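So the protein lines, in turn, are chains A and B.
All letters in the first sequence, in the order written, are residues 448 to 595 by this note's numbering.
All letters in the second sequence, in the order written, are residues 448 to 595 by this note's numbering.
For glycine and all other residues, C-beta sits at the position ideal for the given N, C-alpha and C.
For clarity, every value in this text was computed on a predicted model and none was experimentally measured.
Below: one structure, written as structure tokens.
2 protein chains.
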Amino acid sequence: MRKTVLVYGLLGGVLVAILKATEYRFLVLEHSLEIYGGIVALIFSGLGLWLGLKRTRPKHTVEVREVLVPVGGPFERDVARVEQLGITPRELEILEAMAAGLSNREIAGRLFVSENTVKTHAGRLFDKLSARRRTQAVQLAKEARLIP
Amino acid sequence: MRKTVLVYGLLGGVLVAILKATEYRFLVLEHSLEIYGGIVALIFSGLGLWLGLKRTRPKHTVEVREVLVPVGGPFERDVARVEQLGITPRELEILEAMAAGLSNREIAGRLFVSENTVKTHAGRLFDKLSARRRTQAVQLAKEARLIP
DNA sequence: GCGAAAATCACCCATTCGGGTGACGCGCCA
DNA sequence: TGGCGCGTCACCCGAATGGGTGATTTTCGC
Numbered sequence: 448m449r450k451t452v453l454v455y456g457l458l459g460g461v462l463v464a465i466l467k468a469t470e471y472r473f474l475v476l477e478h479s480l481e482i483y484g485g486i487v488a489l490i491f492s493g494l495g496l497w498l499g500l501k502r503t504r505p506k507h508t509v510e511v512r513e514v515l516v517p518v519g520g521p522f523e524r525d526v527a528r529v530e531q532l533g534i535t536p537r538e539l540e541i542l543e544a545m546a547a548g549l550s551n552r553e554i555a556g557r558l559f560v561s562e563n564t565v566k567t568h569a570g571r572l573f574d575k576l577s578a579r580r581r582t583q584a585v586q587l588a589k590e591a592r593l594i595p
Numbered sequence: 448m449r450k451t452v453l454v455y456g457l458l459g460g461v462l463v464a465i466l467k468a469t470e471y472r473f474l475v476l477e478h479s480l481e482i483y484g485g486i487v488a489l490i491f492s493g494l495g496l497w498l499g500l501k502r503t504r505p506k507h508t509v510e511v512r513e514v515l516v517p518v519g520g521p522f523e524r525d526v527a528r529v530e531q532l533g534i535t536p537r538e539l540e541i542l543e544a545m546a547a548g549l550s551n552r553e554i555a556g557r558l559f560v561s562e563n564t565v566k567t568h569a570g571r572l573f574d575k576l577s578a579r580r581r582t583q584a585v586q587l588a589k590e591a592r593l594i595p
């Protein structure tokens with residue numbers, strides 16, 4: 448945005464300079480003032496139009512209302528699987544937070560630990576789940592019924 | 448649109464008339480030309496801006512419908528929601544791949560496009576879903592019944 | 001067929017993630 | 001009491017991700 452304003456102003460300055468340079472030529476005409484104004488008006492209205500379009504196009508103003516979907520059976524964790532994979536309680540917490548779409552930093556803040564700690568937990572979790580990415584970890588965990 | 452042009456032209460004419468009427472007052476000033484141009488530029492750029500806004504504003508007029516969906520049957524995409532959010536088919540594909548735990552590079556390979564393309568799609572998706580991370584995007588998309 | 005929307009790709013930058021290593025404290029229990 | 005599991009934290013580094021800009025081509029509705 449700052450850049451846009453800058454360009455805008457610059458163009459304006461250049462325009463004024465050009466018009467000033469050609470001022471005398473315009474003055475010898477009968478309706479120089481009108482021509483001058485017309486040109487400026489045209490150019491700047493075009494500029495303004497372009498700017499307005501440009502600046503507001505990606506403004507969708509979408510309103511989203513939450514819809515709670517009635518869920519069938521309550522979730523039940525596959526404890527056997529948890530033990531089989533050797534996943535600790537703390538790691539499960541990290542896993543749930545991860546599934547909720549939180550970043551490591553946010554998880555750290557929520558669980559009152561450092562970001563580094565979260566990273567270690569997450570790393571070990573990826574090992575145990577054979578995952579390489581957190582999205583994959585979440586997906587696998589859901590399939591394994593470790594999280595809802 | 449025709450009407451708009453008419454109004455626009457009319458306003459321009461009126462403006463020129465006003466400026467013409469006050470021409471002599473301006474002329475006694477030293478930098479009358481610059482002032483004149485500046486005023487015209489300001490007014491018309493404002494006008495153009497307003498016009499640009501006006502013309503693109505009634506883009507969507509989003510209608511929010513709340514639908515309670517009975518659970519149990521196979522997954523059915525909430526098409527209304529998809530349209531509300533303005534999510535394109537291609538973006539949905541990326542979303543599904545993302546939910547499957549694939550990286551951008553893997554998605555790119557699977558859909559036979561470049562990684563950059565996947566990133567742009569993903570970026571727009573995050574915008575539309577108001578998400579900052581892919582895990583969050585997946586989570587929100589599932590809540591909105593965009594993906595299973 | 002014209003214009004808007006969609007899809008494609010590139011480049012840059014900052015942040016986040018993932019992976020590896022090492023270390024410390026605490027509780028447990030053999 | 002020494003080992004072990006768990007949780008905690010730090011540092012480094014490369015890869016992945018997110019965000020922005022800009023541009024071109026395809027597609028499609030009117």
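Rounded C-alpha distance that separates residue i from residue j
i                         : j                        : result
alanine 588 of chain A    : glutamate 562 of chain A : 22 Å
serine 577 of chain A     : glutamate 543 of chain B : 21 Å
proline 595 of chain B    : valine 560 of chain A    : 33 Å
glycine 570 of chain A    : arginine 524 of chain A  : 22 Å
leucine 568 of chain A    : glutamate 540 of chain B : Note that residue 568 of chain A corresponds to histidine in the displayed sequence, not to leucine. Cα to Cα, histidine 568 of chain A sits roughly 31 Å from glutamate 540 of chain B.
alanine 547 of chain B    : valine 529 of chain B    : 19 Å
isoleucine 554 of chain B : proline 521 of chain B   : 25 Å
lysine 566 of chain B     : valine 565 of chain A    : 26 Å
arginine 537 of chain A   : serine 550 of chain A    : 16 Å
methionine 545 of chain A : lysine 575 of chain B    : 21 Å
valine 526 of chain A     : threonine 535 of chain A : 11 Å
glutamate 593 of chain A  : glycine 533 of chain A   : As written in the sequence, residue 593 of chain A is leucine, which differs from the glutamate given in the question. About 12 Å.
Exposure of residue i, with buried meaning 16 or more beta-carbon neighbours within 10 Å
i                        : result
arginine 579 of chain A  : exposed
arginine 552 of chain A  : exposed
glutamine 586 of chain B : buried
glutamine 531 of chain B : buried
Closer than 8 Å to chain A by CB, residue i
i                      : result
valine 585 of chain B  : yes
glycine 556 of chain B : no
Minimum Cβ-Cβ distance from residue i to chain B less than 8 Å
i                     : result
serine 550 of chain A : yes
valine 516 of chain A : Because valine 516 of chain A carries a pLDDT of 47, less than 50, the predicted location of this residue cannot be relied on, and the following value inherits that uncertainty. Valine 516 of chain A counts as touching chain B.
Contacts that residue i makes with chain A (C-beta to C-beta distance below 9 Å)
i                        : result
threonine 582 of chain B : Met545, Ala546, Ala547, Gly548, Leu549, Ser550, Arg581, Thr582 and Val585
Supposed contact pair residue j and residue i - C-beta distance, whole angstroms, cut 8 Å
i                            : j                        : result
arginine 581 of chain A      : threonine 582 of chain B : 6 Å
phenylalanine 573 of chain A : alanine 584 of chain A   : 6 Å
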